[in-house]
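Colleague:
There are 2 protein chains.
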Amino acid sequence: MAPSNIAFIKYWGKRDEDLKIPLNGSISMNLSNLLTTTTVEFNPDFKKDLIIINDQEEGDEGSRVIKHLDRIRKLAKIKHKAKVISKNNFPTGTGLSSSASGFAALTLAASKAADLSLSEKELSILARQGSGSACRSIPDGFVEWLDGNTNETSYAVSIFPPDYWDIVDVVAVVSKDKKEISTTEGQKLAKSSPFFPARLSKIKDKIKLMKKHIQEKNFTLFGELVEQEALELHAIMLTSIPSLVYWLPGTLKVMHAVKRWRQEGLQVYFTVNTGQDIHLICQKKDAEKVVNKAKEIPDVTQTIINYPSNGAR
Amino acid sequence: MAPSNIAFIKYWGKRDEDLKIPLNGSISMNLSNLLTTTTVEFNPDFKKDLIIINDQEEGDEGSRVIKHLDRIRKLAKIKHKAKVISKNNFPTGTGLSSSASGFAALTLAASKAADLSLSEKELSILARQGSGSACRSIPDGFVEWLDGNTNETSYAVSIFPPDYWDIVDVVAVVSKDKKEISTTEGQKLAKSSPFFPARLSKIKDKIKLMKKHIQEKNFTLFGELVEQEALELHAIMLTSIPSLVYWLPGTLKVMHAVKRWRQEGLQVYFTVNTGQDIHLICQKKDAEKVVNKAKEIPDVTQTIINYPSNGAR
Numbered sequence: 001m002a003p004s005n006i007a008f009i010k011y012w013g014k015r016d017e018d019l020k021i022p023l024n025g026s027i028s029m030n031l032s033n034l035l036t037t038t039t040v041e042f043n044p045d046f047k048k049d050l051i052i053i054n055d056q057e058e059g060d061e062g063s064r065v066i067k068h069l070d071r072i073r074k075l076a077k078i079k080h081k082a083k084v085i086s087k088n089n090f091p092t093g094t095g096l097s098s099s100a101s102g103f104a105a106l107t108l109a110a111s112k113a114a115d116l117s118l119s120e121k122e123l124s125i126l127a128r129q130g131s132g133s134a135c136r137s138i139p140d141g142f143v144e145w146l147d148g149n150t151n152e153t154s155y156a157v158s159i160f161p162p163d164y165w166d167i168v169d170v171v172a173v174v175s176k177d178k179k180e181i182s183t184t185e186g187q188k189l190a191k192s193s194p195f196f197p198a199r200l201s202k203i204k205d206k207i208k209l210m211k212k213h214i215q216e217k218n219f220t221l222f223g224e225l226v227e228q229e230a231l232e233l234h235a236i237m238l239t240s241i242p243s244l245v246y247w248l249p250g251t252l253k254v255m256h257a258v259k260r261w262r263q264e265g266l267q268v269y270f271t272v273n274t275g276q277d278i279h280l281i282c283q284k285k286d287a288e289k290v291v292n293k294a295k296e297i298p299d300v301t302q303t304i305i306n307y308p309s310n311g312a313r
Numbered sequence: 314m315a316p317s318n319i320a321f322i323k324y325w326g327k328r329d330e331d332l333k334i335p336l337n338g339s340i341s342m343n344l345s346n347l348l349t350t351t352t353v354e355f356n357p358d359f360k361k362d363l364i365i366i367n368d369q370e371e372g373d374e375g376s377r378v379i380k381h382l383d384r385i386r387k388l389a390k391i392k393h394k395a396k397v398i399s400k401n402n403f404p405t406g407t408g409l410s411s412s413a414s415g416f417a418a419l420t421l422a423a424s425k426a427a428d429l430s431l432s433e434k435e436l437s438i439l440a441r442q443g444s445g446s447a448c449r450s451i452p453d454g455f456v457e458w459l460d461g462n463t464n465e466t467s468y469a470v471s472i473f474p475p476d477y478w479d480i481v482d483v484v485a486v487v488s489k490d491k492k493e494i495s496t497t498e499g500q501k502l503a504k505s506s507p508f509f510p511a512r513l514s515k516i517k518d519k520i521k522l523m524k525k526h527i528q529e530k531n532f533t534l535f536g537e538l539v540e541q542e543a544l545e546l547h548a549i550m551l552t553s554i555p556s557l558v559y560w561l562p563g564t565l566k567v568m569h570a571v572k573r574w575r576q577e578g579l580q581v582y583f584t585v586n587t588g589q590d591i592h593l594i595c596q597k598k599d600a601e602k603v604v605n606k607a608k609e610i611p612d613v614t615q616t617i618i619n620y621p622s623n624g625a626r
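Chain order of the listed sequences is A and B.
According to the working numbering, the residues represented by the first sequence are 1 to 313, in order.
According to the working numbering, the residues represented by the second sequence are 314 to 626, in order.
#1: For A:Lys87, list the residues DSSP reports as bridge partners.
#2: Would you report the Cα separation of A:Gly62 and B:Arg449, rounded to the nearest angstrom?
#3: Please list, in chain order, the residues of the segment 271-282 of chain A that have any C-beta partner in chain B closer than 8 Å.
#4: What residue does the beta strand (DSSP E) around A:Lys342 start on, and which one ends it?
#5: Consult DSSP for A:Trp145 and reduce its assignment to one of helix, strand or coil.
#6: Can at least three beta-carbon pairs, one atom from the segment 127-134 of chain A and one from the segment 96-103 of chain A, be found at a separation below 8 Å?
#7: Where in the segment 418-461 of chain B do unbroken runs of the beta strand (DSSP E), each at least 3 residues long, occur, reported from the N-terminal end onward?
#8: Step through the CB atoms of chain B and report whether any lies within less than 8 Å of the CB of A:Ile297.
#9: Cβ atoms of B:Leu557 and B:Leu502: under 8 Å apart, would you say?
#10: Could you pull out every unbroken beta strand (DSSP E) segment of at least 3 residues lying fully inside the segment 555-609 of chain B, listed in chain order?
#11: Per DSSP, what kind of secondary structure is B:Val613 in: helix, strand or coil?
#12: DSSP state of A:Phe46, grouped into three classes?
#13: Taking 8 Å as the CB-CB cut-off, is A:Leu118 touching chain B?
#14: Could one say the Cβ of B:Thr614 lies closer than 8 Å to chain A's Cβ atoms, at least one of them?
#15: Quick one: list the residues of chain B neighbouring A:Lys10, beta-carbon separation under 9 Å, in chain order.
#16: Should B:Asp383 go down as buried or exposed, given a rule of 16 or more other Cβ atoms within 10 Å for buried?
#17: Can you tell me the Cβ-Cβ gap for A:Lys81 and A:Asp115, rounded? I've got them flagged as a contact below 8 Å.
#18: So, is the C-beta of A:Ala294 closer than 8 Å to a C-beta in chain B?
#19: Tell me, please, whether the CB atom of B:Thr533 is closer than 8 Å to any CB atom in chain A?
#20: Let's test the definition: count the other Cβ atoms within 10 Å of the Cβ of B:Phe455 and tell me whether it reaches 16, buried, or not, exposed.
#21: Per DSSP, which residues does B:Glu330 bridge with? Please list them.
#22: By Cβ distance, which residues of its chain are closer than 7 Å to B:Leu561, with the 5 residues on each side in sequence left out?
#23: What is the DSSP secondary structure of A:Ile379, reduced to helix, strand or coil?
#24: Can at least three beta-carbon pairs, one atom from the segment 458-477 of chain B and one from the segment 330-340 of chain B, be found at a separation below 8 Å?
#25: Using Cβ-Cβ distances below 8 Å, what residues of the segment 537-563 of chain B are close to chain A?
#26: Could you check which residue in B:Leu436, B:Phe403, B:Ser430 and B:Ile319 has the C-alpha nearest to that of B:Ala418?
#27: B:Pro621 by DSSP, collapsed to three states: which one?
#28: Would you mind sorting B:Thr587 into buried or exposed? The rule is 16 or more other CB atoms within 10 Å of its CB.
#29: In the DSSP assignment, the alpha helix (DSSP H) including B:Val627 goes from what residue to what residue?
#30: So, A:Leu108 versus A:Ala312, is the Cβ gap smaller than 8 Å?
#31: How would you list, in chain order, the residues of chain B whose beta-carbon sits under 9 Å from the beta-carbon of A:Leu252?
#32: From the beta carbon of A:Lys316, is the nearest beta carbon of chain B less than 8 Å away?
#33: Strictly under 8 Å for the Cβ-Cβ distance: is A:Pro3 near chain B by that measure?
#34: Evaluate the contact criterion for the segment 315-330 of chain B versus the segment 189-203 of chain A: three or more CB pairs, one atom per stretch, below 8 Å.
#35: For A:His213, which residues in chain B fall below 8 Å Cβ to Cβ?
#36: Tell me whether A:Thr38 counts as near the ligand NAD, meaning its Cβ is closer than 7 Å to at least one heavy atom of that ligand.
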């Protein structure tokens, strides 16, 4: 089982397409209630890999999973085919990073099934090769992905445990439709944005600042930076050629609402990944209020309360 | 009477706040059906300036008008107070550049009423001081605002007459609510975007390219660049500190629809100013189809067909 994670500093653009080494480091928090549960069985009697995700046998998505199984088989020096059964307890392909929780859970379950005994760092490196941000779903709590520039130096570490800070991520689901362009395809366009070099040139300082705000538990400065970073990511995507417009009308409705709620004195900030669903970051004392307000917006079909959580287990 | 204009290369950020000298040049087209009609009377018997805009006596907006009247009184060496009656035939403060048509019409009407005989260039310079983009509503048809760096060198010129190219701007009104932050206030934040220097460094080449596409009447390349530029402007605004989110859910709905229509073979591109209303740029042969499709979107409350038009008259 592994959690999805929400990035406060985003991962966008790859240094190495195959190894999924990113062009910049990132900061995230594991989410207690966005979970993928995965079981893996390797068996010499299986004729082929069978991949069942959310009760459906997979074709296309399956091939990425098989590639990942191949990595683990190579490490374990086995050739057995596998049966993989995986389930998300939340919508898939709407911006809630199901591939992060999915590939983290797969990495842990498959490596155990193959009798590999891997360290947290090794698991993180392996998960990264399946889906970049999956490496952040391996360690506990608040996490930094050290960008690195080789396979061995690009992995995630815990910077604070889950109980370090009482903040909450209220996910507002605005549509269960799968996004039109996958994150993997979108990522390839990062460098086509005229603003991408400016983003990269400032990102190390931004990571330092984000860690400082978390260290000092300064919720206002933290929240402002989280929101700025989300808008910066989307500015990069909007100016890609061709442009990537992941927001839906409901996303924008919630964004405007958050700004209004803040004017009314409620401390809440938004962040959005590649997709339409929107994350409302607040302090625990305000979580119920935020949930109730979010539910009043007609476009919000579901809310999911998340606390900082452990990584894959 | 003067038309509003739609910018294909946008004006965002000022070199001189008072004189409204821009940080970059821009390209626009005057719009046949977004019009401000203004009458001005100077009379020694008037005790104070009376400003009536859209049938309402103005307070705040009025002071910008009075400042502009003062410029004209100074030029004409008169001290008479004025009665100004101005009317827009389209929504005000929703991203349709009513201050462009408004200050162009005021400049022409007030200078005539004050018996000034000004050249097109002088009118454009004067209109610019009232509201930057108003300088583009003085000359005819397709227009370039030469950025300049002094009061005398920053003005707009016609680059092609209205009948040069059969393109159409279908305005889709998605809300008549006035935007929360005026363009004037928003402009002040331009430099706070981390991406603004990258925009400025490339804008001269972009202007050249835009003129080339218009010159060659290459509608596809022209439309793609128009849309890229609109998204770039909004990327700058989204990454300003504080962030400026001018789009409304309806804006985004139309943007997604335009992308879908293009996939279905209809050649149409969007652009958006500081506001929620959205401009659909197409060729004359497709205008009716675009209007009908836009009307099918529930958020679109009004459509206005515009052809390239003459400037202030």
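Note that CB positions come from ideal geometry on N, CA and C, so glycine has one too.
Modeller: In short:
#1: According to DSSP, A:Lys87 bridges with A:Thr37.
#2: Their backbone Cα atoms lie some 56 Å apart in a straight line.
#3: Within the segment 271-282 of chain A, no residue has its Cβ closer than 8 Å to any Cβ of chain B.
#4: Beyond the ends of chain A as shown, which are 1 and 313, falls residue 342 of chain A; an answer cannot be given.
#5: It is a strand residue.
#6: Output reads yes: the segment 96-103 of chain A touches the segment 127-134 of chain A.
#7: DSSP runs (the beta strand (DSSP E)) wholly in the segment 418-461 of chain B: 455-459.
#8: False, the Cβ-Cβ gap to chain B never drops below 8 Å.
#9: Inclusion of B:Leu502 and B:Leu557 in the CB contact set at 8 Å is warranted, their separation being smaller than that value.
#10: Listed in chain order, the complete beta strand (DSSP E) runs (minimum 3 residues) inside the segment 555-609 of chain B are 581-585 and 591-596.
#11: In the three-state DSSP reduction, B:Val613 falls in the coil class, being neither helix nor strand.
#12: Residue state, collapsed to three classes: coil.
#13: Taking CB atoms only, A:Leu118 has no neighbour in chain B less than 8 Å away.
#14: Taking Cβ atoms only, chain A never reaches closer than 8 Å to B:Thr614, which makes this a no.
#15: Those do not exist, as A:Lys10 stays about 13 Å from chain B at its closest Cβ, beyond 9 Å.
#16: Per the 10 Å Cβ criterion, exposed.
#17: No, A:Lys81 and A:Asp115 are not in contact; Cβ-Cβ is about 16 Å, not under 8 Å.
#18: For A:Ala294, not one C-beta of chain B is nearer than 8 Å to its own C-beta.
#19: No, B:Thr533 does not count as interfacial toward chain A.
#20: Residue environment analysis places B:Phe455 among the buried positions, since at least 16 neighbouring C-beta atoms fall within 10 angstroms of its C-beta.
#21: Partner residues in a beta bridge of B:Glu330, as assigned by DSSP, do not exist.
#22: If we look at B:Leu561 and ignore the five residues flanking it on each side, its Cβ neighbours are Val487, Ser488 and Gln589.
#23: No answer is possible for residue 379 of chain A: the residues shown for chain A start at 1 and end at 313.
#24: Counting Cβ pairs under 8 Å, three or more are found: they touch.
#25: Identification of residues in the segment 537-563 of chain B having a C-beta nearer than 8 Å to some C-beta of chain A yields Glu540, Gln541, Leu544, Glu545, His547, Ala548, Ile549, Leu551, Thr552, Ile554, Ser556, Val558, Trp560, Leu561, Pro562 and Gly563, given in sequence order.
#26: Among B:Leu436, B:Phe403, B:Ser430 and B:Ile319, the Cα nearest to that of B:Ala418 belongs to B:Leu436.
#27: Correct three-state label for B:Pro621: strand.
#28: Flag for B:Thr587 reads buried.
#29: Nothing about residue 627 of chain B can be reported from this structure: the residues present for chain B run from 314 to 626 only.
#30: Yes, the pair counts as a contact, with Cβ atoms nearer than the cut-off.
#31: Contacts between A:Leu252 and chain B, judged by CB atoms closer than 9 Å, involve Val558, Trp560, Leu561, Pro562, Thr564 and Leu565 in chain order.
#32: Because chain A here runs from 1 to 313, residue 316 of chain A falls outside it and cannot be looked at.
#33: Chain B, which has no Cβ nearer than 8 Å to the Cβ of A:Pro3, makes this no.
#34: The segment 315-330 of chain B makes no contact with the segment 189-203 of chain A, as fewer than three CB pairs between them are under 8 Å.
#35: Neighbours of A:His213 across chain B, judged by C-beta separation under 8 Å, do not exist; the nearest C-beta is about 15 Å away.
#36: With respect to small molecules bound, the structure shown includes none, and the ligand NAD cannot be examined in it.
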